[in-house]
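Q: One structure, pasted below without further comment.
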């Protein structure tokens, strides 16, 4: 990774490294000669049997941030968590499909948990040029919503985007070179996309998506507020 931001000797941290995209990020960082160290966090990590990472358990987020601090500070942190199908239930297609408990769980996994992750892990960013990247989704764009449906998922991603934008403004008061990024990975072949991948024209392999996202990240320059981009580096309207 040797663009105009992270040139040499950087450290990376991946949260949600057990998923398809998280694993691809780990492999990409491992292959990069400029990456001194890559730290990973995932629910399936057997190193922390008693304290598994869980977005719905604030204490586990705090504990894992404390553990990860020893490997930092990090020039890049990637939060690759999130879910479309939760507890066996997929996205709602209409207002009639809304369920109270499922909406709460959707926001818990896609908004509240990641917001607490940002709260605990942003202090682990290095001073100077650094990136905190969170996987988002194009359907979280209010401007780009032309089809409707997917109420909980769309809304939880839009809410997380607002948290990223707000956090960027705060964090940049102390470090103007910090970049907070909402990343749209495209539709990637994974467990998340399996239920509807048959209808996708451009289904990406995880490695292809991650290579694109890393290329896009290293081309970014600091600006006021957060970035919202896709895996090809194109801006997405909020």
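Numbering (the numbering used here), first residue to last: 10 to 247.
Each residue gets a CB set at the ideal place from its N, CA and C atoms; glycine is no exception.
Compare the beta carbon distance of residue 235 and residue 173 with 9 Å and say whether it is the shorter of the two.
A: yes
Q: Measure the alpha-carbon distance for residue 27 versus residue 95 and round it to whole angstroms.
A: 16 Å
Q: Can you list, in chain order, the stretches of the beta strand (DSSP E) that have 3 or more residues and sit fully within the region 76-136?
A: 85-88
Q: Rounded C-beta distance between residue 88 and residue 24? I'm assuming under 8 Å.
A: 5 Å
Q: Tell me which residue opens and which closes the beta strand (DSSP E) that residue 189 is part of.
A: 187-193
Q: Please confirm whether residue 156 and residue 119 have their CB atoms less than 9 Å apart.
A: no
Q: Is residue 232 helix, strand or coil when you go by DSSP?
A: coil
Q: For residue 22 and chain C, any beta-carbon pair shorter than 9 Å?
A: Absent from the structure: chain C. Only one protein chain is present.
Q: Using three-state DSSP, classify residue 178 as helix, strand or coil.
A: helix
Q: Please report the straight-line C-alpha distance between residue 139 and residue 46, rounded to a whole angstrom.
A: 15 Å
Q: Could you pull the start and end residues of the alpha helix (DSSP H) that residue 251 belongs to?
A: As displayed, the chain neither begins before 10 nor continues past 247, which places residue 251 out of reach and without an answer.
Q: Assuming residue 188 contacts residue 124 under a Cβ cut-off of 8 Å, what Cβ separation, rounded to an integer in Å, is found between them?
A: Rounded, the Cβ-Cβ distance is 18 Å, inconsistent with contact.
Q: Of all the options 212, 60, 132, which has the alpha carbon lying nearest to the alpha carbon of residue 180?
A: 132
Q: Express the C-alpha separation of residue 137 and residue 197 in angstroms, rounding to a whole number.
A: 32 Å
Q: To the nearest angstrom, how far is the alpha carbon of residue 159 from that of residue 149?
A: Residue 159 and residue 149 have their alpha carbons spaced roughly 10 Å apart.
Q: For residue 98, which of 17, 31, 162 has the nearest alpha-carbon?
A: 162
Q: I believe residue 21 touches residue 83 by the beta-carbon criterion, under 8 Å. Please report the beta-carbon distance rounded to the nearest angstrom.
A: 6 Å
Q: By DSSP, does residue 20 sit in helix, in strand, or in coil?
A: Three-state result, residue 20: strand.
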